[in-house]
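Protein chains: 2
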Amino acid sequence: MLTNGKNSCKFVIQNNDKIMINKIEVSWKGQMLFESVAPEGTVIIDAAEEAGGQGKGLRPKALMLTSLAGCTAMDVASLLKKMRAEVGNFKIEVEANLTEEHPKVYDKVKVIYKFYGEDFKKDKIEKAVNLSVESYCGVMEMFRKFAEVTTEIQYFDK
Amino acid sequence: MLTNGKNSCKFVIQNNDKIMINKIEVSWKGQMLFESVAPEGTVIIDAAEEAGGQGKGLRPKALMLTSLAGCTAMDVASLLKKMRAEVGNFKIEVEANLTEEHPKVYDKVKVIYKFYGEDFKKDKIEKAVNLSVESYCGVMEMFRKFAEVTTEIQYFDK
Numbered sequence: 019m020l021t022n023g024k025n026s027c028k029f030v031i032q033n034n035d036k037i038m039i040n041k042i043e044v045s046w047k048g049q050m051l052f053e054s055v056a057p058e059g060t061v062i063i064d065a066a067e068e069a070g071g072q073g074k075g076l077r078p079k080a081l082m083l084t085s086l087a088g089c090t091a092m093d094v095a096s097l098l099k100k101m102r103a104e105v106g107n108f109k110i111e112v113e114a115n116l117t118e119e120h121p122k123v124y125d126k127v128k129v130i131y132k133f134y135g136e137d138f139k140k141d142k143i144e145k146a147v148n149l150s151v152e153s154y155c156g157v158m159e160m161f162r163k164f165a166e167v168t169t170e171i172q173y174f175d176k
Numbered sequence: 019m020l021t022n023g024k025n026s027c028k029f030v031i032q033n034n035d036k037i038m039i040n041k042i043e044v045s046w047k048g049q050m051l052f053e054s055v056a057p058e059g060t061v062i063i064d065a066a067e068e069a070g071g072q073g074k075g076l077r078p079k080a081l082m083l084t085s086l087a088g089c090t091a092m093d094v095a096s097l098l099k100k101m102r103a104e105v106g107n108f109k110i111e112v113e114a115n116l117t118e119e120h121p122k123v124y125d126k127v128k129v130i131y132k133f134y135g136e137d138f139k140k141d142k143i144e145k146a147v148n149l150s151v152e153s154y155c156g157v158m159e160m161f162r163k164f165a166e167v168t169t170e171i172q173y174f175d176k
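Those protein sequences? They're chains A and B, same order as listed.
End of the first sequence = 176 in this note's numbering, gap-free, step of one.
End of the second sequence = 176 in this note's numbering, gap-free, step of one.
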């Protein structure tokens, strides 16, 4: 068994197949406050006051949207560099609709890629985004199994 | 339109139906470093050094596991209180297998509910967990669409 203490992935060699495992632990801190520990760091989670919490942390469900944006953002950063299609800056906004009845799920998700700069190499930027959306971003792939995901690219001056 | 500035949910009244929207924005901070902003707070995301990052933040994909554990943890905390089945403490551990080929997704997820204390009201505790898993936890419902999810309950002395 090969482990990398700096990474949340534990590599287990079994029958010559590499298995990658991610692991986190959430601990109760009273009321609706929780601390989530991953090898790389901690997130504090809490409910809103109207839901019995104290509003001292992040809402857990919306962390899925952070996961989605973060995953695709890393693909795009990496691909833009490899393709030599650098931009001044970029942001990814995720807006998701939550169903009304329990269990409440995200059924429609919009991912907006916003690029800031000038002289954009738009063909390459769009290729980078499409590669992430269609082939590389695992979170995007997981989201497509339960939600309708739409994407949009927007360009802004620096 | 009714908005609650303290919550990540924006309520939009359309045709007498209530629509709830969650929104986050991720901004690039250079290399593979990103900052995710939700109304309740911020998360710093980074890749491992071997993946081009600096190891200064959380891995984005594993935030889905934090979302899962946090969502069901809140249900359990709330239900145990309502059922008067308090425990000394509890933790939720999530262990997930990531597939090897791109796009890498979680295909097997194990959720372990660990209760610490004494004189456990086990029937009520197990009912609380089952209600979350089967009916209340939206993240659990979303995960079931792409992964095989198993759950386990463990009891420990205080």
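Backbone N, C-alpha and C define an ideal beta-carbon position, used for all residues, glycine too.
Pick out whichever of the options has its Cα sitting closest to the Cα of residue i.
i                      : options                       : result
residue 43 of chain B  : B/49, B/133 and B/60          : B/60
residue 156 of chain A : A/83, A/134, A/98 and A/176   : A/83
residue 69 of chain B  : A/174, A/89 and A/147         : A/89
residue 173 of chain A : A/38, A/139 and A/148         : A/139
residue 53 of chain A  : A/163, A/164, A/148 and A/77  : A/77
residue 48 of chain A  : B/94, B/125, B/45 and B/37    : B/94
residue 62 of chain B  : A/85, A/151 and A/143         : A/85
residue 129 of chain A : A/116, A/81, A/55 and A/170   : A/170
residue 46 of chain B  : A/107, A/159, A/116 and A/119 : A/107
residue 118 of chain A : B/120, B/154, B/137 and B/146 : B/154
residue 125 of chain A : B/66, B/165, B/159 and B/67   : B/159
In its own chain, which residues sit with a C-beta less than 6 Å from the C-beta of residue i, not counting the 5 before and 5 after it?
i                      : result
residue 167 of chain B : 127 and 161
residue 110 of chain B : 87, 91 and 131
residue 105 of chain A : 133 and 135
residue 23 of chain B  : Bear in mind that the predicted position of residue 23 of chain B carries a pLDDT of just 37, short of 50, making it unreliable; the figure below should be weighed with that in mind. The answer is none, since no qualifying residue turns up.
residue 152 of chain B : none
residue 55 of chain A  : 43
What does residue i touch in chain A if you count any residue whose Cβ is under 7 Å from its own?
i                      : result
residue 122 of chain B : 156
residue 108 of chain B : 46
residue 97 of chain B  : Simply none; closest approach about 11 Å.
residue 80 of chain B  : 26, 40, 42 and 56
Excluding the 5 residues flanking residue i on each side, which residues of the same chain have their C-beta closer than 7 Å to its C-beta?
i                     : result
residue 64 of chain B : 50, 51, 71, 72, 73, 74 and 75
residue 66 of chain B : 73
How close, in whole Å, do the beta carbons of residue i and residue j come, if the pair is a contact with beta carbons under 8 Å?
i                      : j                      : result
residue 176 of chain A : residue 135 of chain A : 5 Å
residue 112 of chain B : residue 41 of chain A  : 7 Å
residue 142 of chain A : residue 103 of chain A : 4 Å
residue 79 of chain A  : residue 163 of chain B : Wrong, their Cβ atoms sit about 15 Å apart, outside the cutoff.
residue 81 of chain A  : residue 81 of chain B  : 5 Å
Name, please, each residue of chain A whose Cβ falls closer than 9 Å to the Cβ of residue i.
i                      : result
residue 102 of chain B : In chain order: nothing, as chain A lies at least about 15 Å away.
residue 111 of chain B : 41, 42, 43 and 44
residue 164 of chain B : 159, 160, 161, 162, 163 and 164
Along chain B, in chain order, which residues have C-beta atoms closer than 9 Å to that of residue i?
i                      : result
residue 136 of chain A : Result: empty, since nearest Cβ-Cβ is about 16 Å, beyond 9 Å.
Residue i touches chain B at which residues, Cβ-Cβ below 7 Å?
i                      : result
residue 169 of chain A : Going along chain B, no residue has its Cβ under 7 Å from residue 169 of chain A, so there is no contact; the nearest lies around 14 Å.
residue 52 of chain A  : 88 and 91
residue 63 of chain A  : 88
Using C-beta distances below 8 Å, list every residue in its chain close to residue i, excluding the 5 sequence neighbours before and after it, in chain order.
i                      : result
residue 149 of chain B : 93 and 97
residue 146 of chain A : 93, 94, 97, 98, 101 and 103
residue 144 of chain B : 171
residue 165 of chain B : 114, 123, 124, 125, 126 and 127
Could you work out which residues of chain E lie near residue i, taking near to mean beta carbons separated by less than 9 Å?
i                      : result
residue 116 of chain A : The displayed structure is made up of protein chains A and B, and chain E is not among them.
Taking the runs of the alpha helix (DSSP H) that are 4 residues or longer, which of them lie wholly in the stretch 26 to 112 of chain B? 81 to 100
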